[in-house]
Structures are given as C-alpha cells and as structure tokens.
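Engineer: Line by line, the protein sequences give chains A, B, C and D.
Numbering (my numbering) for the first sequence: 6 to 226.
Numbering (my numbering) for the second sequence: 6 to 226.
Numbering (my numbering) for the third sequence: 6 to 226.
Numbering (my numbering) for the fourth sequence: 6 to 226.
Dropping the structure in here first, questions after.
Number of protein chains: 4
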Amino acid sequence: MFRKRSAPHGEIGHRDTARLEAFSDGVFAIAITLLILEIRVPTVDQVEGETSLWRALIELWPSYFGYLISFLVIGMMWINHHNVFKFLVGVDQWLLTINLALLLCISFIPFPTALLAEHITHPDERTAAALYAAVFFVTALVFYALWRYPTRRAPWLLVPDADPKAIAAITRRFSYGPPAYLAAAIISWISPTVGLVALAVISLLYLAPALLGDPVEPSPD
Amino acid sequence: MFRKRSAPHGEIGHRDTARLEAFSDGVFAIAITLLILEIRVPTVDQVEGETSLWRALIELWPSYFGYLISFLVIGMMWINHHNVFKFLVGVDQWLLTINLALLLCISFIPFPTALLAEHITHPDERTAAALYAAVFFVTALVFYALWRYPTRRAPWLLVPDADPKAIAAITRRFSYGPPAYLAAAIISWISPTVGLVALAVISLLYLAPALLGDPVEPSPD
Amino acid sequence: MFRKRSAPHGEIGHRDTARLEAFSDGVFAIAITLLILEIRVPTVDQVEGETSLWRALIELWPSYFGYLISFLVIGMMWINHHNVFKFLVGVDQWLLTINLALLLCISFIPFPTALLAEHITHPDERTAAALYAAVFFVTALVFYALWRYPTRRAPWLLVPDADPKAIAAITRRFSYGPPAYLAAAIISWISPTVGLVALAVISLLYLAPALLGDPVEPSPD
Amino acid sequence: MFRKRSAPHGEIGHRDTARLEAFSDGVFAIAITLLILEIRVPTVDQVEGETSLWRALIELWPSYFGYLISFLVIGMMWINHHNVFKFLVGVDQWLLTINLALLLCISFIPFPTALLAEHITHPDERTAAALYAAVFFVTALVFYALWRYPTRRAPWLLVPDADPKAIAAITRRFSYGPPAYLAAAIISWISPTVGLVALAVISLLYLAPALLGDPVEPSPD
C-alpha cells in the first residue's frame with residue numbers, strides 16, 4: 006500500500022491516481038454516452054398509418070426525460086469525482102475497491118433509466134420510478150464512502166497540506182446526498198412525477214452549487 | 006474556483022483542464038464510434054428472394070450518408086474543442102457546466118442520425134432532416150457559449166499571454182456556426198437533400214479551414 | 006525494440022507504457038460498461054397480464070448475477086494489470102502482442118456473460134456455466150504470460166530497481182489464477198451454482214487480497 | 006499551424022499530439038470492443054427442440070472468425086498508429102484530417118464484420134468477403150497517407166533527430182499494406198475462404214514482424 010513517505014520510481018503515487026482517474030473517466034464517459042442507445046427511433050412502419058413523426062417523437066418524452074436526468078446525475082458525479090481526486094496523492098486497495106463499487110453503480114444506470122422510460126405512464130410506473138431513484142441513493146452512499154475513507158481512515162492518501170476546513174465543508178455537502186436521494190425514492194413511490202422532479206433538482210444543486218453561493222471547489226490551500 | 010493567481014499543489018489548474026479534456030475526448034470518441042451501431046446489416050433472409058446483397062447495401066445509402074455527416078460534425082467539433090482548450094489554463098464550475106451541455110448534445114447525435122436514416126425517402130423525411138439539422142444548431146450554440154464564456158466573462162481561465170487578435174478571429178469563425186446550421190435546418194424543412202448537402206458543406210468548412218487560407222489555429226503567442 | 010539503455014527523445018519508454026496502459030484502460034472500461042447492455046429491460050407488454058414488474062425484475066436475477074461476476078473479474082483484472090505495469094519501464098512487440106491477446110479475452114467477456122444469463126436455469130445451463138468459467142481460465146493464462154514475459158524473458162523492460170522478492174511474490178499470486186479458474190470451470194460443468202460461487206470467490210480474493218493479510222502491492226523499492 | 010520553432014506555453018506541440026493520440030486510442034479501443042456486440046447469443050428458444058447449445062455455438066463460427074480478424078486488424082493498426090506518432094512532435098490541420106479519415110475507417114469496421122458474419126456460407130458470401138477486405142484496403146491507404154504526409158510533406162512535424170533510414174524502412178513496410186489488402190479483396194471475390202486466410206496472414210505479419218527478424222520499431226535515434 007502507498008504511504009506518502011515513499012514515492013519510489015519518481016511519481017508512482019501520482020501515476021496511480023492518474024490512471025485510476027483515467028479509468029474512472031472512461032467508465033463515466035461510456036455510461037453517459039450509452040444512455041442514448043436506449044432511446045428507440047420510431048420506425049417508418051410505426052409512423053405510417055394515422056400518426057405523424059412529430060407525434061411519435063413527442064410520445065417518446067419519458068425516454069428524453071430519463072436520458073436527461075441520468076445524464077445530469079452521471080455528469081454531476083463525474084465532476085464531484087474529479088473534486089475528490091484533487092485531494093488525493095495516492096490510492097490503496099480499499100480506495101480502488103470503493104471506486105470500483107462506484108463504477109459498478111455508474112455503469113448500471115442505463116438499465117434503470119431504460120426501465121423508467123419503458124414503464125412511466127404505465128401501470129408499474131411507481132415501481133420503476135422508485136427503483137430508478139433508489140439506484141441513485143445507493144450510488145450516493147458509495148460516493149460518500151469514497152470521500153470518507155481517505156479523509157477519515159487513510160489520511161496518508163491526502164495531499165499533505167489539505168485544508169481541514171475545506172474537507173469538512175465537502176463532507177457536509179456530500180453527506181446530504183444519500184438522505185436526499187432516499188427521500189426522492191420514497192416520494193417517487195408515492196408520486197413518480199414529483200419524485201423525478203426532486204431527483205432533477207437534487208442533481209442540479211450538486212452540479213451548480215456555485216450559483217447558490219456555496220463554495221464549490223474549496224481549493225486545498 | 007480557480008484563479009490564475011493560485012496554483013496550489015503544482016499543477017492543479019493544468020490537471021483540471023487535462024482531465025476535462027480527457028473526459029470530453031472520451032465522450033466524443035464514444036459518440037463517434039457508436040454511430041456505426043445504427044446501421045443495420047441486411048440479413049440473409051432479407052437478401053434471399055429477389056434482391057441481391059449489392060442492392061440491399063445500396064439501399065442503405067441514407068444510413069451511410071447520415072453516418073458520414075454525423076462523423077464529420079463530431080470530428081470537427083472535437084478538433085475545435087481541442088482548439089478552444091489550447092487557450093485555457095483552468096476551468097471553473099460554469100465552464101464545466103457549459104462543457105457538460107456540449108457533451109449532452111454530442112452524445113445525443115446518434116439518435117437524430119438514426120432518425121434521419123430511417124425516415125429519409127419516406128413521407129416524414131422533412132421532419133427528420135430538419136430535426137437533424139436543428140440538433141446541430143443547438144450544438145453550435147452551446148459550442149459558441151463554451152468559447153465566449155472564458156474569453157469574455159472569465160479571462161482568468163485563459164492562458165496569460167493569449168493574443169486578443171487570435172481570440173477575435175476565432176470568435177468570428179465560431180459566430181458563423183449557429184446561423185449557418187439554423188439556415189441548414191430551415192432549408193432541410195423545405196428540401197431535405199439540399200439541406201443535408203448544406204450541413205455537410207458547413208462541417209467541411211469548419212473541418213478544413215486551412216484549405217481556404219483562413220488561419221486555422223492561431224497560435225496564442 | 007526498447008532497451009532501458011536508450012531513452013531517445015526524452016521519455017519514449019515512458020510514453021510507450023503510458024499509451025499502452027491508456028489503450029488497455031479504454032478496452033477494460035468499455036468492456037465493463039457494455040455488460041449492462043446485455044440486460045434486457047422487461048417491456049410493458051411482458052409485464053401486463055398476470056405478472057408484476059417486481060416479479061419480472063426478480064426473474065432477471067441470472068442477468069444481474071452474470072453482470073456482477075463479470076464486472077468483478079474485469080475490474081479485478083484491471084487493478085492487477087495496473088499492478089503489472091508499475092513494474093514496467095518499456096514495452097516491446099512481444100509484450101504488445103500478449104497484451105493484445107489479453108484485451109481480446111477481456112472484450113470477449115460480454116458474450117459468455119450474456120450466454121450464461123440466457124441459459125442458466127434452462128437445460129443447457131451446465132454448458133453455459135462451464136464455457137463462462139473457461140473464458141476466465143484462458144484470460145488468467147494470458148494474464149500470467151503478461152507477467153512472466155517481462156519478469157523472466159525480458160528483464161530490460163522492468164524498472165531498474167525492482168525487488169526480486171516482490172516479483173516472486175506476485176508470480177506466486179498470479180500462478181494460482183489459471184488452476185483456480187480451471188477448477189471453477191470443471192465444477193461449473195458438474196454444478197453450475199457451486200461453480201459460479203467459486204468464480205465469484207476467486208475474483209474477490211484477487212480483488213481484495215489486502216483483507217487477507219496478503220501483501221497486495223509490494224512496492225518495488 | 007505548428008512549427009517546431011515555436012512551442013509557446015511550454016508544451017503545446019506535445020499536448021497536441023498527446024491529445025490526438027488519446028482521442029484516437031479511444032476510437033480504436035471502442036471499435037475493437039464494440040465488435041463483440043455483433044455476435045448474437047443463441048437464445049433458449051433457438052436451442053430447445055432438436056439442437057444443443059454446443060451445436061448452436063459451433064454454428065456461430067463465422068462470427069468468431071470475423072471478430073478475430075477484425076480484432077487483429079484494429080489491434081495491429083493501433084500498434085502501428087502508436088509507432089507513427091512516436092515520430093511526431095506536432096500536428097497540423099492536414100494531419101488531423103487524415104487521422105480523422107483513418108478513424109472513420111476504423112469505426113466503420115464493425116459493419117462489414119457483421120456483414121461478413123451474416124453472409125458467409127450463404128449465397129452472397131463472395132460479395133460480403135470482398136467488401137470486408139476492401140474496407141481494409143481503404144484503411145491501409147489512409148494509413149499510408151498518415152505516414153507519408155508528415156515524412157514527405159511536413160517534416161517540421163517530425164522529431165528533430167528522426168533517422169532517415171528508420172523512416173525509409175517504415176515507409177517500405179507500410180507501402181506493402183494497400184496492395185496486399187487489395188489482393189486479399191480480389192482473392193476473396195474468387196474464394197472467400199482463401200481471401201480471409203490471406204487477410205489474417207497479412208494482419209499477423211504486421212502485428213508480429215519481430216518474429217520474422219524484420220526491425221519492428223526502429224528507434225529514431
């Protein structure tokens with residue numbers, strides 16, 4: 006395992022975090038781009054007959070909606086993943102494992118997204134919406150662990166002069182994620198529409214905290 | 006947020022732009038490569054009977070055409086994205102958000118591409134072609150914002166010695182994009198064929214400006 | 006071919022391993038993310054009638070199970086690939102070729118995974134499970150070659166001060182992989198359930214050796 | 006355009022080639038990994054009845070064969086792309102454009118691969134095999150242009166001390182590619198089996214020239 010005391014062969018610690026970031030970026034980028042494959046193009050046969058292409062495209066709105074929320078969530082998680090790694094100078098097996106669990110969640114997202122798009126406005130929409138939000142709840146939990154492990158249990162993985170106040174501020178921010186997504190999942194079970202709007206709002210808040218005067222990227226100096 | 010005054014821990018600013026570029030490159034690369042999945046291979050059953058494989062492949066021309074234009078547009082946008090980032094030394098939350106909106110557009114492109122390939126030469130071809138061009142119009146708008154935000158509103162994100170004349174030249178170039186794609190969308194609504202040719206021409210002009218004597222990559226010195 | 010004596014143009018050796026790692030990371034990241042595409046979403050038509058969405062989702066358990074094991078294996082192989090490359094300062098044509106063979110195995114994994122998910126609990130489940138495990142056996146063999154070639158046949162590709170004891174420890178660890186996966190394949194042929202559990206256990210052991218007190222990443226100093 | 010005389014802002018030339026390599030690597034990695042999606046898993050319904058899963062899997066041999074050859078070709082092209090870029094210190098708009106054309110070819114490969122797998126052993130197999138080989142012919146032509154442009158027309162993009170003899174040796178090697186693949190295409194039209202074996206042999210020769218005593222990676226010093 007890496008200790009900050011030892012940096013054999015020049016920059017092994019830096020190469021480790023760099024390669025883990027690159028791999029994670031790959032998974033984030035692929036998951037976010039695969040989402041589009043779940044939106045099925047209306048065929049000529051479907052459109053011929055009474056309906057028009059416009060109407061067929063409008064009827065696909067659940068697909069666009071799920072696409073948009075999932076894109077937001079994955080994009081927002083990528084940005085925050087990037088913020089977490091700014092504080093790290095090395096990785097160990099535990100961090101690798103937590104990060105892998107996070108990537109498992111991220112790469113799973115296209116499935117509940119397609120499930121939501123298929124079942125919204127149909128009898129099982131509450132199930133689909135609640136499961137969709139629940140996946141984000143689990144993802145937020147794993148994300149929280151990714152931040153807590155180095156900051157609380159493995160401080161030798163942190164940049165040497167990380168500001169404790171900045172770390173505490175981020176910990177607070179990230180700690181809101183799991184309960185917020187859990188609430189969205191419960192609301193989705195009661196009213197899918199309200200729950201999905203809540204999901205979108207939570208994700209936008211994490212995406213653009215600067216707009217709210219919240220310190221976004223407390224620089225570690 | 007990043008200010009050029011502070012570069013704690015060595016190269017955080019550089020790592021930020023590098024990682025954003027890498028993530029964006031990932032999305033561009035995946036979107037450009039996924040396009041091929043939308044071209045369906047003629048099956049043995051379809052070909053057996055009266056037609057031949059040659060004929061079946063030729064009848065797929067709308068798919069090749071859409072594939073080619075979308076490839077050109079994504080490739081051209083990638084090159085220009087690369088040119089934009091040469092002027093940046095850091096990123097802030099706004100730039101991240103605009104860039105995410107651009108990636109949303111880019112990763113959406115396979116959908117209108119498949120829509121175009123499915124409906125061209127069918128009754129709804131005008132709708133499909135106009136929507137296809139309209140997606141590029143929106144993408145060009147977001148791209149323009151990606152350039153205008155750092156150059157006009159957040160100059161501390163720029164390389165310190167960026168040449169104002171080079172910036173003005175690029176601004177001019179990029180400002181032609183949105184109206185040109187909007188015109189292509191309107192033309193596509195009237196005549197899909199003419200509109201699609203216009204799309205291809207616009208994209209080629211942005212791809213190979215060097216051929217026209219236009220300064221392509223004004224180096225910032 | 007690269008010798009450590011010559012590093013023309015600054016860092017060619019380092020760029021080589023860096024680019025090979027980046028390409029490999031890309032293939033690992035894509036293969037691990039494509040797995041989700043193999044899980045088919047239950048449609049509204051399937052669910053309407055007597056069954057519920059919950060039941061339909063629960064009946065997909067073989068898909069989740071295959072997804073999870075394949076994710077584990079690819080993730081674990083990625084981490085170990087990363088550990089192998091920490092010992093390398095250069096690559097030659099043989100290493101490139103062995104690495105390409107490994108990537109062939111990794112990118113093939115979505116196929117047996119889908120095969121397993123389709124056939125488990127059906128008459129041919131023993132065939133599907135044994136083939137699934139056999140693919141991991143072959144992958145482990147190639148992985149072993151990737152480690153043995155530089156450490157035994159091409160030591161000039163290794164970091165100059167690599168610790169022979171660390172290398173011997175990793176060699177021992179990696180040498181258990183092929184027989185373990187072969188055993189899992191044979192067991193799968195007799196009892197798919199036991200075999201798949203064995204597969205999961207082997208992969209977890211390689212993923213989290215730190216938990217067992219085994220030295221995970223013997224640093225080469 | 007970049008000249009080697011000017012390297013403003015530190016390493017812009019290096020960053021350019023690095024980012025182009027990274028983007029290209031992404032497309033190569035995705036194309037090579039997407040190939041597997043074209044192999045359709047035999048379903049339980051197909052297998053039930055008279056045939057067994059083993060037989061169904063064996064009948065998929067054209068898919069495996071196409072998968073393997075395409076994997077070899079893309080992998081081999083990636084390695085050679087890597088060798089080309091070792092000679093470059095910068096890129097200009099022409100090189101970007103030629104490289105984009107190469108990526109267009111690479112990302113197109115999954116389509117003729119699926120076409121081959123579908124039609125081999127069926128009436129149109131000669132057409133499918135000849136087209137498959139023809140795509141590699143075009144790819145080899147573009148690849149040759151990617152090498153010739155900097156070495157002949159834009160020497161300022163080359164590493165300053167590139168050895169003319171090494172360049173001449175590579176030029177010779179690469180010049181065999183287009184005629185060899187053209188011959189394979191013509192042979193495929195006459196006899197698909199012989200043509201496909203020729204394709205595999207050509208690609209293996211380019212992949213493992215070291216085995217034949219041919220200097221693989223003439224280092225530029």
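C-beta atoms are modelled at their ideal positions from N, C-alpha and C, and glycine is treated no differently.
1) Can you give me, in chain order, the residues of the segment 169-198 of chain C that have a beta carbon less than 7 Å from any beta carbon in chain E?
2) Consult DSSP for A/LEU65 and reduce its assignment to one of helix, strand or coil.
3) Taking B/LEU42 as the reference, give the member of B/LEU163, B/PHE141, B/PHE76 with the closest Cα.
4) Flag C/LEU3 as yes if its beta-carbon sits less than 8 Å from any beta-carbon of chain A, otherwise no.
5) Curious, which full-length alpha helix (DSSP H) runs of at least 4 residues does the segment 136-182 of chain A contain?
6) Could you check how far apart the C-beta atoms of D/VAL94 and D/THR22 are, in whole angstroms? I think they sit under 8 Å.
7) Relative to the alpha-carbon of A/PRO128, which residue among C/ASP97, C/LEU210, C/THR56 has its alpha-carbon at the smallest distance?
8) Starting from the beta carbon of A/GLU123, find every residue of chain C whose beta carbon is closer than 7 Å, and list them in chain order.
9) If the criterion is Cβ atoms closer than 8 Å, does the pair C/TYR72 and C/LEU120 meet it?
10) Please report the distance separating the alpha-carbon of D/GLU16 from that of D/ARG24.
11) Can you tell me which of B/PHE142, B/VAL164, B/SER112, B/GLU130 puts its alpha carbon nearest to the alpha carbon of B/PRO197?
12) Measure from the C-beta of B/ALA150 to each C-beta in chain D and report whether the shortest distance is under 8 Å.
13) Indicate whether at least one CB of chain A lies closer than 8 Å to the CB of C/THR38.
14) Answer with buried or exposed for D/PRO160, where buried requires no fewer than 16 other C-beta atoms within 10 angstroms of its C-beta.
15) Return the residue from the list C/TYR69, C/PHE92, C/MET81 that minimises the CA-CA distance to C/THR156.
16) Which residue's Cα is closest to the Cα of D/ALA135: B/LEU58, B/ILE74, B/PHE148, B/VAL78?
17) So, with DSSP's three-state summary, where would you put C/ALA190?
18) Going along chain A in order, which residues have a C-beta closer than 7 Å to the C-beta of C/LEU212?
19) Out of B/ASN88, B/TYR154, B/ILE79, point me to the one whose CA is closest to B/PHE142's CA.
20) Using Cβ-Cβ distances below 8 Å, what residues of the segment 83-98 of chain C are close to chain D?
21) Does the Cβ of D/TRP66 have 16 or more other Cβ atoms within 10 Å, making it buried, or fewer, making it exposed?
22) Check whether the Cβ atoms of D/ALA189 and D/ALA138 sit closer than 8 Å, and answer yes or no.
23) Any Cβ of chain B within less than 8 Å of the Cβ of D/PRO115?
24) Which term fits B/GLU26, buried or exposed, when burial requires 16 or more other beta carbons within 10 angstroms of its beta carbon?
25) Helix, strand or coil, according to DSSP, for D/ASP219 in the structure here?
26) What residues in the segment 21-36 of chain C have a beta carbon less than 8 Å from any beta carbon of chain A?
27) So the alpha helix (DSSP H) B/VAL206 belongs to, where does it begin and stop?
28) Spell out whether any CB of chain B is found under 8 Å from the CB atom of D/THR56.
29) Would you call the CB atoms of B/PHE148 and B/MET82 closer than 8 Å?
30) Quick one: residues in its chain with C-beta nearer than 7 Å to the C-beta of B/ALA145, no 5 flanking neighbours on either side, listed in chain order?
31) Apart from the five residues on each side of it in sequence, which residues of its chain come closer than 8 Å, Cβ to Cβ, to D/ILE103?
32) Select from the segment 125-150 of chain B all residues with a C-beta closer than 8 Å to any C-beta belonging to chain A, and list them in chain order.
33) State buried or exposed for B/ASP97, treating a residue as buried only when at least 16 other CB atoms are found within 10 Å of its CB.
34) C/LEU105 versus chain D: which residues are under 7 Å apart at the beta carbon?
35) Is the separation between the beta-carbon of A/PRO31 and that of C/ASP30 shorter than 8 Å?
Structural biologist: Looking at the coordinates:
1) Absence of chain E from the displayed structure is noted, the protein chains being A, B, C and D.
2) coil
3) B/PHE76
4) A query on residue 3 of chain C cannot be resolved here, the shown segment of chain C reaching from 6 to 226 and no further.
5) The segment 136-182 of chain A contains these whole alpha helix (DSSP H) runs: 169-180.
6) 7 Å
7) The alpha carbon of A/PRO128 has as its nearest neighbour, out of C/ASP97, C/LEU210, C/THR56, the alpha carbon of C/THR56.
8) VAL46, THR48, VAL49
9) Taking 8 Å as the Cβ cut-off, C/TYR72 and C/LEU120 do not qualify as a contacting pair.
10) Because D/GLU16 sits at a pLDDT of 34, beneath the cut-off of 50, its placement in the model cannot be relied upon, and the following sentence gives the value as read from the coordinates. Cα-Cα distance, rounded: 12 Å.
11) B/GLU130
12) no
13) Cβ-Cβ to chain A under 8 Å: yes for C/THR38.
14) Of the residues assessed, D/PRO160 falls on the exposed side of the cut-off, its CB having fewer than 16 other CB atoms within 10 angstroms.
15) C/PHE92
16) B/LEU58
17) helix
18) THR102
19) B/ILE79
20) Of all residues in the segment 83-98 of chain C, only ASP97, GLN98 place a beta-carbon less than 8 Å from a beta-carbon of chain D.
21) exposed
22) yes
23) yes
24) It is buried - the Cβ of B/GLU26 has at least 16 other Cβ atoms within 10 Å.
25) In this prediction, D/ASP219 has a pLDDT of 41, which is less than 50 and means its spatial position is unreliable; what the coordinates show is noted afterwards. It is coil, neither helix nor strand.
26) GLU26, ALA27, ASP30, GLY31, PHE33, ALA34, ILE35
27) 197-212
28) no
29) Yes, the Cβ-Cβ distance between B/PHE148 and B/MET82 is below 8 Å.
30) GLY182, PRO183, TYR186
31) VAL147, ALA150, LEU151, TYR154
32) HIS127, PRO128, ASP129, THR132, ALA133, LEU136
33) buried
34) Contact annotation for C/LEU105 against chain D: GLY80 [CB-CB distance below 7 Å, chain order].
35) One detail in the question is off: residue 31 of chain A reads as Gly in this sequence, not Pro. Yes, Cβ-Cβ distance for A/GLY31 and C/ASP30 is below 8 Å.
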